[in-house]
Structure formats: C-alpha cells, structure tokens
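Numbering (the working numbering), first residue to last: 185 to 836. In this text, a Cβ means the ideal position worked out from N, Cα and C, and glycines have one as well. Below is one structure, written out as structure tokens, with a few remarks after it.
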C-alpha cells in the first residue's frame with residue numbers, strides 16, 4: 185500500500201509539473217475560442233445622397249427549453265405564450281404545447297422567430313421568461329447582417345452585392361462587388377469567448393481584443409430620378425415586344441458620369457428582373473449603330489465628303505460572292521454619303537468602305553484602333569466584355585470582312601463601349617471613360633475622390649465632328665429615326681437593327697434581331713448621351729431599332745428634358761415647354777370641372793391623377809396599383825361619386 189501510495193503521488197506531481205502545460209493548453213482549447221466580430225459593411229449612396237444599399241442587423245430568437253428551473257418555467261410559460269401569440273398570430277395553446285414538448289425532449293434550441301429587425305428584437309427580449317436572459321430564461325439570440333436595397337429591384341445588378349454559396353464560392357457583381365473588398369467590407373474584429381456550460385459562451389476581457397473597423401461609404405454617380413425613368417421605360421418596351429432582355433444607359437456628356445443603367449432579363453414566367461449586367465458585360469455585333477464609326481473614318485481620312493454620291497442600286501448588291509441588302513424594297517438608287525447614313529443603307533456604307541479601303545484594310549482598322557475601339561474601357565465594374573475588331577490575316581478575316589464591318593457585322597462591342605464613342609461625338613471629340621463612382625467617404629471625411637478620366641483628348645477634327653453631328657440630327661428629323669422626332673425637344677442619334685444567331689439552322693423559321701438606338705440630347709448643347717439595346721424582340725410585334733429601342737430613348741430624353749433642369753441657371757422666366765403647358769392646361773381644366781363626378785384620368789401621370797381625385801368636393805379613397813401613367817380606372821367617367829367611395833387606379 186505504501187508503494188502504491190508513492191506511485192500515485194509521483195503521478196500527480198508528474199501531471200502537475202512535468203505535463204501541466206500540455207493539459208492546460210488542451211483545457212484552453214476546449215473552453216476558450218477566438219470569435220470573429222464582423223465589421224459593418226459600408227453604405228452605397230446615389231448622386232444626391234439617397235441610400236441605394238445598406239446593411240441592417242437581423243435577429244433570430246430561440247429558447248433553450250431545458251435550462252430554466254421548473255418553478256421559473258411553470259410561472260412564466262403561459263405569459264410567454266400569450267406574448268408569442270400576440271406577435272406571431274397562432275394560439276397561445278399552440279406555443280405552450282410546442283415549448284413543453286421541446287422541454288420534454290430536452291431540446292436546447294427551439295426557434296421562435298427569425299430575421300426580425302432591432303425593434304422587434306427589443307420587444308422579444310422583454311417577453312416573460314425571455315427577459316430573464318440566457319441562463320434563467322433560456323434566451324438564445326443570433327445576430328446577422330442583411331444587405332437591404334431601398335430602391336428594390338431597380339438597378340440591383342449595377343448596385344451589386346457580395347454573395348457566398350454553400351461551398352464558399354463568391355459572386356461580386358456591380359458597384360458593391362467592384363469596391364467591396366477595397367472600401368465597403370471593412371476589417372473584422374477578433375475577441376475571445378469562454379465556455380460556461382450548456383453550450384453557452386461568454387465574452388472574455390482581453391487586452392489583445394481587436395475591434396472591428398466599419399467599411400467606408402461609397403457615393404455613386406447614379407441619379408435616382410433618371411434611373412427610375414430609364415428602368416420603367418425599358419421595362420414597358422420589353423413587355424410590349426416580349427423581348428428576351430435589354431439594357432439602357434444614360435451618361436452625362438461632359439463628365440462621363442453614369443446617371444442611370446438598367447439591365448432587365450426575362451424569366452420563364454415572362455416577368456423581368458435585373459438578371460445580368462448586359463450593358464457592361466455583353467459583347468455583340470452592334471449592327472447599324474457602327475455605321476457612324478465607319479462613316480467618320482472615311483470622312484476623317486478625307487476619302488469621301490457628305491455630298492459624295494454612292495450608288496446603292498436597287499437594294500441588292502454583290503460583294504465578293506455574297507449579297508448585301510437594304511431594308512427598303514427597290515433600294516435608294518444613287519444618294520449622297522450623308523443620306524446613306526440617314527437611311528441606314530447597308531449597301532451605301534459597304535460600298536464606301538470597300539471602295540476606299542479594300543487595297544489597304546489596315547488603314548481602316550488602324551483608325552478604329554486609334555479610337556480605342558479594340559480595347560475595353562477599363563470601367564470599375566467587374567466583368568466588362570471584350571471588344572473584338574478583326575484584323576487582316578486573323579481567323580475572322582476574309583474579303584467580306586471589310587464591307588461587313590462597314591454596317592456593323594463581323595465585329596463586337598458592348599453597349600457601354602458604343603455609348604462612350606457617341607458621347608465623344610457629343611463632347612467635342614473628347615473620349616471619356618464612363619464613371620460610376622464620385623467619392624469614398626468615412627462619415628463626412630473624403631477618403632478618395634474620383635475625377636473625370638480622359639481616354640483620348642480628340643477623336644477627330646472639328647470639321648468631321650460637325651458633319652457627323654449634322655447627319656445624326658437629320659437621322660431623327662428625316663431618316664430612320666423620324667418617328668422619334670419632336671418639336672418640343674431635340675435629339676440626335678442612330679438606329680440599329682442587327683441579326684443575331686443568324687448562323688443557326690433555324691434562323692429562317694425563327695428570326696432573331698438586336699434592336700438599338702444610340703445618341704444624345706439636346707442637340708444644341710448636349711447634356712446626356714444614351715444607348716438602348718433590346719435583344720430578340722418578338723418579330724410578330726416589330727424588330728426595327730426605330731420601333732423597338734427608339735421609343736425608350738425618346739421617353740427617357742423627354743422625361744429628363746421636362747423633369748430635370750438642363751442648365752444650372754435660369755436664363756428666362758418666359759420660356760415655356762409646349763408639351764408641359766398643354767399637360768398643365770388639361771389638368772387645370774379637369775380640376776375646375778370635376779368636383780363631384782368621376783373624371784377620365786386614363787393617360788394622366790399617377791401623381792396628377794391622385795392630386796385631382798383627392799382634391800374633389802367629395803371625400804373618396806383612392807387606391808393606386810403601380811406607378812407611371814394611369815391605364816385603368818375602376819369607376820367610369822361622368823359617374824357621380826359618393827363620400828367614402830373607393831376608386832381603384834391601375835398604372836403602368
């Protein structure tokens with residue numbers, strides 16, 4: 185027994201002094217852990233300071249049904265279930281039955297509610313039993329941060345986000361994705377927690393604790409009003425033409441700041457949402473919008489003038505064994521080069537480029553390269569599409585390559601790259617990089633400011649610019665865009681209609697087109713440039729650029745022109761916009777005439793219709809579904825209205 189006692193004593197001393205560090209480390213490993221304290225992600229703001237994206241804490245509330253003593257549990261279970269019933273809706277007996285069942289099954293985690301906001305979290309913490317905390321009341325709180333978008337689906341893809349899947353793969357589209365790592369994310373903190381039993385952990389006081397550093401706020405160039413206009417104009421046209429997808433971009437001419445960008449794709453149910461950033465990432469054959477570049481190259485190289493006569497024949501001409509057609513049956517005959525661009529003659533532009541560059545195609549390609557059309561713009565948004573300009577000797581080059589490029593085939597550009605070039609035409613030849621960010625701030629302190637970036641100071645001579653601008657203006661006045669002409673405000677631009685997937689066997693049975701319009705407004709002193717591209721509109725409804733994309737451009741331009749000041753100062757108080765005056769007079773007459781009977785508000789802006797109805801001599805309730813322009817009214821015109829009657833308006 186004495187020897188055995190000595191052995192035990194030796195073992196104790198050995199564990200205490202010889203192996204003590206080892207076992208103490210094991211205890212610390214089991215009972216102490218490092219926990220990450222997530223930093224708050226920075227906010228994303230619009231140009232005027234409106235909130236586009238922000239991080240909001242969300243809470244999951246659960247109860248450990250086992251930890252409370254029987255006396256405490258029985259005292260508070262009924263009042264707790266009454267409170268849960270008042271908040272969640274089901275009967276008190278239902279919650280009491282479920283929680284008692286969880287206690288019987290020794291369930292230490294029974295979820296009560298998830299994804300609630302801070303106000304509701306505070307309310308839950310004051311419920312009976314839960315107010316006693318984690319040990320006595322069994323309260324379990326899980327906090328996480330959720331990214332919220334106050335503007336909803338509008339510009340969602342451009343504003344962007346950071347998404348991790350179950351396997352840890354990350355997707356970072358848009359502004360949030362482009363600047364998340366550098367500015368928005370912030371730096372996570374680190375603290376130690378100690379296990380206190382029953383699966384609970386408590387924070388430890390630690391001098392080495394690292395506090396989290398919140399992310400910076402990002403201020404974008406987006407204008408929420410212009411964004412709303414662009415989004416709904418595009419959506420309306422996509423729905424009308426049952427198109428596959430489309431995009432619209434509005435850029436400020438002088439600064440290159442993107443004021444609006446909308447990208448909408450169709451779901452299997454026929455609805456549209458921000459599916460992909462088509463404007464930035466989708467390269468495709470531009471079609472007729474590229475004719476402007478070809479025309480400018482010929483003007484700048486002085487191989488033609490606007491008055492140079494081109495024979496477009498009878499709308500069908502053969503180039504190296506392949507026929508090129510014009511959209512007009514019978515052709516345009518002999519016309520000037522300027523007129524060829526105005527009517528978007530494929531034969532006219534193909535003839536000009538082939539005649540003057542076929543012996544030296546490199547000269548034409550070098551001109552395009554000089555304009556940086558072979559390089560991406562280098563915008564901050566991740567995933568910019570690559571342009572594709574073929575060269576002599578390359579895989580895509582053939583004798584037909586040059587005439588095909590003249591009318592926008594056999595090459596690829598993204599909508600944003602095309603827009604940047606048109607913007608340069610409006611901006612006296614200065615080619616600017618499109619810009620999505622104005623500044624990065626920490627509260628009111630500026631961390632970084634983003635200024636205008638010039639890609640090329642002058643793309644061509646003033647002589648060429650003036651001639652091209654005149655033609656672009658005439659395209660809307662008397663060319664392919666004449667349906668868009670308005671006396672009330674001026675626009676300039678080029679329509680585009682390109683075949684797509686024409687290499688597929690079923691194209692003749694199921695024809696697919698890309699419709700586009702690119703230009704700027706107002707003509708006299710360009711303030712904004714804009715491009716609209718719509719893919720695969722239903723050919724049963726229409727597919728030409730002037731019919732499909734042009735009206736979106738016009739709607740955007742018209743709303744911006746009438747709703748947004750084009751200059752910073754007011755030159756004259758007597759200047760009136762005819763369309764606005766007519767609209768106001770109609771509204772004023774209706775307001776004076778209809779006091780107790782239902783007016784016809786179909787066609788009025790929703791806000792005007794609301795103002796008219798809510799200021800009548802009878803007290804009625806107006807229910808507005810949608811926004812934009814009123815399409816339907818539940819009560820017919822000239823019906824006498826009664827007090828407390830409900831009028832339902834359906835708007836686009």
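Exercise for review: Ignoring anything shorter than 3 residues or poking outside the region 651 to 688, list the beta strand (DSSP E) runs there in chain order.
Suggested key: Here the runs fully enclosed are 676 to 683.
Check your understanding: Should residue 401 be labelled buried (16 or more other beta-carbon atoms within 10 Å of its own) or exposed?
Key -> Classification of residue 401: buried, given that the 10 Å Cβ count is 16 or more.
Check your understanding: Which first and last residues belong to the alpha helix (DSSP H) in which residue 267 is found?
Key -> Unbroken alpha helix (DSSP H) run through residue 267: 254 to 272.
Practice item. Determine, using beta-carbon pairs with one atom in the region 415 to 433 and one in the region 453 to 460, whether at least three such pairs fall under 8 Å. Key: In the pairwise beta carbon analysis, the region 415 to 433 is classified as touching the region 453 to 460: at least three pairs are separated by under 8 Å.
**Study point:** Residues near residue 800 by beta carbon distance below 8 Å, same chain, minus five either side
**Key:** If we look at residue 800 and ignore the five residues flanking it on each side, its Cβ neighbours are 778, 779, 780, 825.
Practice item. Excluding the 5 residues preceding and the 5 following residue 594 in the sequence, name in chain order all residues of the same chain whose CB lies nearer than 8 Å to its CB. Key: Shown here for residue 594: same chain residues with a beta carbon closer than 8 Å to its own, the five before and five after excluded, namely 469, 574, 580, 584, 585, 588 in chain order.
Review point. Alpha carbon to alpha carbon, how far is residue 604 from residue 617?
Key: Residue 604 and residue 617 have their C-alpha atoms some 7 Å from each other.
Point to revise | Cross-strand partners of residue 500 (DSSP beta bridge) | key: 509, per the DSSP bridge assignment.
**Study point:** Cross-strand partners of residue 831 (DSSP beta bridge)
**Key:** DSSP lists 806 as partners of residue 831.
Exercise for review: Could you tell me the distance, in whole angstroms, from the CA atom of residue 643 to the CA atom of residue 525?
Suggested key: Each residue's alpha carbon lies about 20 Å from the other.
Point to revise | Three-state secondary structure assigned by DSSP to residue 530 | key: The answer is helix: DSSP assigns residue 530 an H, G or I state.
**Study point:** Own chain, CB closer than 6 Å to residue 745, minus 5 neighbours either side, in chain order
**Key:** Close CB contacts of residue 745 within its chain, under the 6 Å cut and outside five residues either way in sequence, are with 673 (chain order).
Exercise for review: Compare the C-alpha of residue 719 against each of 713, 727, 554 and name the closest.
Suggested key: Comparing Cα-Cα distances from residue 719 to each of 713, 727, 554, the minimum goes to 727.
Review point. For residue 367, which residues of its own chain have a beta-carbon under 7 Å away from its beta-carbon, when the five flanking residues on both sides are left out?
Key: So the list reads 226, 399, 400, 402, 624, once near-sequence residues are dropped.
Exercise for review: With distances taken Cα to Cα, identify the nearest neighbour of residue 724 among 704, 234, 696.
Suggested key: Nearest C-alpha to residue 724: 696.
Practice item. Just list the alpha helix (DSSP H) runs in the region 580 to 636, keeping only unbroken ones of 4 residues or longer that don't cross its boundaries, in chain order. Key: Correct list: 585 to 590, 599 to 610.
Review point. Among 836, 798, 832, which has the Cα closest to the Cα of residue 815?
Key: Considering only alpha carbons, the answer is 836.
Point to revise | Bridge partner(s) assigned by DSSP for residue 791 | key: When DSSP reads this structure, residue 791 sits in no beta bridge, so it has no partner.
Check your understanding: Who are the Cβ neighbours of residue 639 in its own chain at under 8 Å, not counting the five residues just before and after it?
Key -> Here the set comprises 556, 561, 604, 615, 616, 617.
Practice item. Tell whether a beta-carbon distance below 8 Å holds between residue 473 and residue 602. Key: The answer is yes: Cβ separation under 8 Å.
Review point. Mind checking whether residue 463 and residue 414 have CB atoms under 8 Å apart?
Key: Going by C-beta atoms, residue 463 is not nearer than 8 Å to residue 414.
Point to revise | Contact check, residue 476 vs residue 535, beta carbons under 8 Å | key: No. Outside cutoff.
Exercise for review: Drop a sphere of 10 angstroms on the beta-carbon of residue 792, count the other beta-carbons inside from all chains shown, and report buried for 16 or more, exposed for fewer.
Suggested key: Note on residue 792: 16 or more other CB atoms within 10 angstroms of its CB, so buried under the neighbour-count rule.
Review point. In whole angstroms, what separates the C-alpha of residue 269 from that of residue 296?
Key: Rounded to whole angstroms, residue 269 to residue 296 spans 11 Å at the Cα level.
Review point. Could you give the residue range of the beta strand (DSSP E) that holds residue 403?
Key: For residue 403, the enclosing beta strand (DSSP E) stretches over residues 401 to 404.
Practice item. Can you tell me which of 412, 246, 347 puts its alpha carbon nearest to the alpha carbon of residue 130? Key: Residue 130 cannot be examined here, being either before or after the span of the chain that is shown, 185 to 836.
Exercise for review: Pull up the distance between the alpha-carbon of residue 564 and that of residue 666, whole angstroms please.
Suggested key: As the crow flies, the alpha-carbon of residue 564 is around 36 Å from that of residue 666.
Review point. For residue 220, which three-state DSSP category applies?
Key: DSSP places residue 220 in strand when its eight states are reduced to three.
Check your understanding: Where does residue 545 fall in DSSP's three states?
Key -> Judged by DSSP in its simplified three-state form, residue 545 adopts helix.
Review point. For residue 290, is the classification buried or exposed, using 16 other Cβ atoms within 10 angstroms of its Cβ as the cut-off for buried?
Key: Residue 290 is classed as exposed because its beta carbon has fewer than 16 other beta carbons within 10 Å across all chains shown.
Point to revise | N-terminal and C-terminal residue of the alpha helix (DSSP H) that residue 225 is part of | key: Note, residue 225: premise wrong, no alpha helix (DSSP H); not H, not E.
Check your understanding: If you count every other CB in all the chains shown that lies within 10 Å of the CB of residue 347, and 16 or more means buried, which is it?
Key -> Looking at its Cβ environment, which holds fewer than 16 other Cβ atoms inside 10 Å, residue 347 is exposed.
Review point. By Cβ distance below 8 Å, which residues in the same chain neighbour residue 809 in space, the five residues on each side in sequence not counted?
Key: Cβ-Cβ distances below 8 Å link residue 809 to 832, 833, 834, 835 in the same chain, with the five nearest sequence neighbours on each side left out; the list follows chain order.
Check your understanding: Could you check where the beta strand (DSSP E) with residue 436 kicks off and where it finishes?
Key -> It spans 429 to 436 - the beta strand (DSSP E) in which residue 436 sits, taken as one unbroken run.
Check your understanding: Which two residues bound the contiguous alpha helix (DSSP H) that contains residue 290?
Key -> No residue range can be given for residue 290, since it is assigned to no alpha helix (DSSP H) and is classified by DSSP as neither H nor E.
Check your understanding: Are residue 839 and residue 704 closer than 8 Å when you measure CB to CB?
Key -> Any answer about residue 839 is impossible in this case: the structure gives the chain only from 185 up to 836.
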